[in-house]
Amino acid sequence: MTGSHNYVRGSITLYIINLHRSRKKIKLAGTLRDKIVHQYLLQPYGKDGLHSKSVQLNGQPLAMVDDGTLPELKPRPLRAGRTLVIPPLTMSFYVVKNVNALACRYR
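The sequence shown begins at 1417 in this note's numbering and counts up by one.
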């Protein structure tokens, strides 16, 4: 991901796709419950819904900066303990920071 959101080794990323027509909720448990989470919600942008040619990230339209440069992907920080809410027909990434997960610490 571009920008200044460098994640330390040991952070984990949850990849969730909600194919339902209703929102879904996920509550993190255990040690994950106490961590700050960065949310990246990708949804269609515009009146064409899933047939749209544009996409939005966390409610903001995404557009290329130029032919070869992606825009900055800005997360929405969620406070520790917050329930993850995934809107209908949405692809999402959640980065759980500083988990220190063993499998994510080494290449």
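Backbone N, C-alpha and C fix where the C-beta goes; we use that ideal spot for every residue, glycine too.
Where residue i falls: helix, strand or coil (DSSP)
{"i": "Arg1450", "result": "Looking at the sequence itself, residue 1450 is Asp, so the reference to Arg does not match. Note: Asp1450 maps to helix in three-state DSSP."}
{"i": "Leu1457", "result": "strand"}
{"i": "Leu1473", "result": "strand"}
For residue i, the residue or residues it bridges with in DSSP
{"i": "Lys1440", "result": "Ile1502"}
{"i": "Tyr1423", "result": "In DSSP, Tyr1423 forms no bridge with anything."}
Beta strand (DSSP E) segment containing residue i, residue limits
{"i": "Asn1434", "result": "1428 to 1434"}
{"i": "Arg1492", "result": "1492 to 1494"}
Own chain, CB closer than 7 angstroms to residue i, minus 5 neighbours either side, in chain order
{"i": "Ser1470", "result": "Tyr1461, Gly1462, Pro1477"}
{"i": "Tyr1423", "result": "Val1511, Lys1513"}
8 angstroms Cβ shell around residue i - same chain, five flanking residues per side excluded
{"i": "Pro1370", "result": "The chain is shown from 1417 up to 1523; residue 1370 falls before or after that span and cannot be answered."}
Contact set for residue i: own chain, Cβ-Cβ below 6 angstroms, skip 5 residues either direction
{"i": "Ser1508", "result": "Ile1432, Leu1457, Ile1502"}
Are three or more beta carbon pairs between the region 1432 to 1440 and the region 1449 to 1458 nearer than 8 angstroms?
-> Output reads no: the region 1449 to 1458 does not touch the region 1432 to 1440.
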